[in-house]
């Protein structure tokens, strides 16, 4: 993707779609789709502090039972030519407990 050919709104829309697809249970179960969305040097830091590799995440997502959160406060920032930082809040409502859990997410 070239930032010179797309407007900031178009780029933000595309990146939001990518992030939403990674939260879609059907996509998460499809190894090929997840592999296409994650960079080869992808790493994830979990809420517990655990560092996950790309291969570990792809394997984990293929077999998890997942209730997708909603995305709030989605923002994109150009931090260098061709590098965009995406930040948002992933919110999971828990109606039975009358609560919601929020996690802060970021992607480069």
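In this note's numbering, the protein residues as written are 4 to 111.
Heads up, the beta-carbon is just placed ideally off N, CA and C, and yes, glycines get one too.
- Boundaries of the alpha helix (DSSP H) around residue 34: 34-40.
- In this structure, residue 87 and residue 18 form a Cβ contact; the two beta carbons are roughly 7 Å apart against a cut-off of 8 Å.
- For the pair residue 22 and residue 89, the CB atoms are nearer than the 9 Å cut-off.
- For residue 48, the closest of 56, 42 and 41 by C-alpha to C-alpha distance is 56.
- Per the C-alpha coordinates, the member of 91, 67, 109 and 73 positioned closest to residue 97 is 73.
- Between the alpha carbons of residue 109 and residue 16 lies a gap of roughly 16 Å.
- DSSP places residue 77 inside the beta strand (DSSP E), whose first and last residues are 73-83.
- Residue nearest to residue 62 within the set 36, 95, 101 and 70 is 36 (criterion: CA-CA distance).
- Its Cα nearest to that of residue 66, the residue 30 stands out among 81, 107, 94 and 30.
- Beta-bridge annotation (DSSP): residue 107 is paired with 92.
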